[in-house]
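When the letters of the sequence shown are read in order and numbered with mature numbering (1 follows the signal peptide of the UniProt record, and there is no 0), they come out as residues -23 to -1, 1 to 310.
Notes to accompany the following structure.
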Amino acid sequence: MGATAAAAFVALAAAIAPQLGMGAGGSISTAQQPVTVEGGSAAEPFSLPGGAADSRESAGDSALGGVAAFGSDAAVAGGTDAAAREIVATASATVRVDDARAAADALTAATTSAGGYVESLSLGSDASGTGGGAVPDGVMTDPRPGGAWITVRVPADKLPAALAGLSEIGEVTGSQVDRRDVTTEAVDLRARVASLEASVARLTDLMAQATSTADLIAAESALADRQSELESLRQQLTWLDSQVGMSTLTVTLTEPAPAATADPAGFGDGLAAGWNGLVAALGGLIVGVGFLLPWVAVIAVVVVAGWAIRRGVRRRRAARAAASPADVSTDEL
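Structure follows, in structure tokens:
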């Protein structure tokens, strides 16, 4: 009886195994479609608080034009209906503003009102490092003072409006939109999830019908593996759905460099410059004297020692010379 149940269990597991492989061996292919942003914009802009200066609208529209076509059917490769495809969209832009902090606050408020949220924010720094060009998504270089860097997540259908609305907070100097088709990956994940759900249901029924401890242990082990894999795939699918549903927008806010104004020089400026030069010269002289003083002391010691030795030699020679004539006169007498 036990052998018959074990054989039935093995046969049922063998019947389940091929179905588990469905979708697991499929390849996942993704296509990245960069969108060049140019032309005129027809998208409804973000509702940014405070409005914007009219003088900036023309520059912003020229830099962000064409984003309304981002979600159109014409932009979908192969003529496939855009609603039937799953696209992960990321965008980046650089905006020149007068006040980076105020612009970041306005962008934050607009993002919240559109149903999005701020993912990261860095104030008091220009993180672009490109001098006004577009910033690749997720790339952040060394910060510099006088700007801000902000990354927001907005609903995918509102990304064109978010890009168009940037012209209301300043002059858009560069922008970029990237689209990645993940339809194949999403379909594959859903198929694998469905297959594993069916496998879990079968293993659950098999556990209820197990007639021996060995069959029960084997079914529990297989069920634990299937449930773990199923949970992992569900998390992957949830993350992918969030990427499709919420687009990422990275905005670099830069402030113009203040213009240098030269004051006309006068007598007071000249006097101050002369005094500063004198103080600097005296300071340099003191430093030089302090540097040379140890060398001078050593040289002085060497010179004094040499002079003393030379003087002693001369004295001995003079004494010998004075003694020599006296000896000669004594011998003659």
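Even glycine gets a Cβ: it sits at the ideal position worked out from N, Cα and C.
Q) Identify the residues that DSSP records as bridge partners of Leu223: which are they? A) As a first step, residue 223 is located in the sequence shown; it is residue number 246 there, counting from the start. According to the sequence as given, residue 223 is Met; it is not Leu. Answer is Pro132, bridged to Met223.
(Q) Using a 10 Å radius around the Cβ and a threshold of 16 neighbouring Cβ atoms, would you call Asp165 buried or exposed? (A) Against the sequence shown, residue 165 aligns to sequence position 188. With 16 or more Cβ atoms within 10 Å of its Cβ, Asp165 is classed as buried.
Q.
Suppose the cutoff is 8 Å on Cβ atoms and the five residues either side in sequence are ignored; what does the same chain contact list for Val131 look like?
A. Along the sequence shown, one-based indexing puts residue 131 at 154. Excluding its 5 nearest sequence neighbours in each direction, Val131 has C-beta neighbours in its own chain below 8 Å: Thr88, Ala91, Gly92, Gly93, Ala139, Met223, Ser224 and Leu226, listed in chain order.
Q | N-terminal and C-terminal residue of the alpha helix (DSSP H) that Glu232 is part of | A | Stepping through the sequence shown from its first residue, residue 232 is reached at position 255. Neither: Glu232 is in no alpha helix (DSSP H) and is coded neither H nor E.
Q: Put Ser189 into one of helix, strand or coil per three-state DSSP.
A: Position 212 of the sequence shown, counted from the start, is the residue given in the question as residue 189. If DSSP states are grouped into helix, strand and coil, Ser189 belongs with coil.
Q. Hey, is the region 176 to 190 in contact with the region 149 to 167, meaning 3+ C-beta pairs nearer than 8 Å?
A. no
Q: Below 6 Å CB to CB, which residues in the same chain sit around Pro(-6) once its five sequence neighbours on both sides are set aside?
A: Mapped onto the sequence shown, residue -6 falls at position 18. Note on Pro(-6): pLDDT 42, under 50, position unreliable in the model; the coordinate value appears next. Closer than 6 Å at the Cβ level, and outside the excluded window around Pro(-6), lies no residue.
Q: Name the one or two DSSP bridge partners that Ala125 has.
A: For this step, residue 125 is matched to residue 148 along the sequence shown. Leu100 and Leu230, per the DSSP bridge assignment.
Q. Does the beta-carbon of Leu143 have 16 or more other beta-carbons within 10 angstroms, so that it is buried, or is it exposed?
A. Your numbering for residue 143 matches position 166 in the sequence shown. Label assigned to Leu143: buried.
Q: Going by CA-CA distance only, name the one from Thr190, Val266, Ala80 and Val221 that's closest to Lys135.
A: One-based indexing of the sequence shown puts residue 135 at position 158. Cα-wise, what sits closest to Lys135 is Val221.
Q) Among Val159, Ala199, Ser99 and Ala168, which one has its Cα closest to the Cα of Ala81? A) Here residue 81 refers to the residue found at position 104 of the sequence shown. Closest by alpha carbon: Ser99.
Q: Quick one: grab the DSSP three-state call for Val266.
A: Position 289 of the sequence shown, counted from the first residue, corresponds to residue 266. Val266: helix per DSSP, three-state reduction.
Q) Anyone know if the C-beta pair for Ala201 and Leu193 falls short of 8 Å? A) Taking the sequence shown and counting its residues from 1, the one referred to as residue 201 is at position 224. Taking the sequence shown and counting its residues from 1, the one referred to as residue 193 is at position 216. No, the pair does not count as a contact, with Cβ atoms beyond the cut-off.
Q: Select from Gly260, Pro235, Asp246 and Ala257 the residue whose C-alpha is nearest the C-alpha of Asp75.
A: Numbered from 1 along the sequence shown, position 98 holds the residue referred to as residue 75. Nearest option by C-alpha distance: Pro235.
Q: Return helix, strand or coil for Ala285, following the three-state DSSP convention.
A: For the purposes of this step, residue 285 is identified with residue 308 of the sequence shown, where counting begins at 1. Helix at Ala285.
Q) Sorted by chain position, which residues of the same chain lie with C-beta nearer than 7 Å to Arg203's C-beta, five sequence neighbours on each side aside? A) Locating residue 203 in the sequence shown gives position 226, where the first residue counts as 1. Closer than 7 Å at the Cβ level, and outside the excluded window around Arg203, lie Leu173, Ser176, Val177 and Leu180.
Q: Pick helix, strand or coil for Val279, following the three-state DSSP scheme.
A: Position 302 of the sequence shown holds residue 279. Val279 falls in the helix class under three-state DSSP.
(Q) At the level of alpha carbons, what is the spacing between Val281 and Trp272? (A) Sequence index remark: in the sequence shown, residue 281 carries index 304 (1-based). Sequence index remark: in the sequence shown, residue 272 carries index 295 (1-based). Roughly 14 Å separates the two Cα atoms.
Q: Could you tell me which residues DSSP pairs with Glu148 in its beta bridges?
A: Counting from 1 along the sequence shown, the entry for residue 148 is found at position 171. Bridge partners of Glu148: Arg73.
Q. For Arg291, which residues of its own chain have a beta-carbon under 8 Å away from its beta-carbon, when the five flanking residues on both sides are left out?
A. The residue labelled residue 291 in the question sits at position 314 within the sequence shown. Within the same chain, no residue comes within 8 Å of Arg291 by CB-CB distance, once the 5 residues on both sides are set aside.
Q.
On a Cα-Cα basis, can you pick out the residue from Ser198, Ala171 and Thr71 that is closest to Leu183?
A. Counted from its first residue, the sequence shown places residue 183 at position 206. Answer by Cα proximity: Ser198.
Q | Within 8 Å, strictly: CB atoms of Arg169 and Leu217 | A | Numbered from its first residue, the sequence shown carries residue 169 at position 192. Numbered from its first residue, the sequence shown carries residue 217 at position 240. Taking 8 Å as the Cβ cut-off, Arg169 and Leu217 do not qualify as a contacting pair.
Q) Are the beta-carbon atoms belonging to Ala155 and Ile64 less than 8 Å from one another? A) Numbered from 1 along the sequence shown, position 178 holds the residue referred to as residue 155. Numbered from 1 along the sequence shown, position 87 holds the residue referred to as residue 64. Per the sequence shown, the amino acid found at residue 155 is Asp instead of Ala. Between Asp155 and Ile64, the C-beta gap is not smaller than 8 Å, which leaves the two residues out of contact.
Q. Quick one: is Trp284 buried, meaning 16 or more other Cβ sit within 10 Å of its Cβ, or exposed?
A. Numbered from 1 along the sequence shown, position 307 holds the residue referred to as residue 284. Counting Cβ neighbours within 10 Å, Trp284 comes out exposed, since fewer than 16 surround it.
Q | Below-8 Å beta-carbon distance, Ala163 vs any chain C residue | A | Absent from the structure: chain C. Only one protein chain is present.
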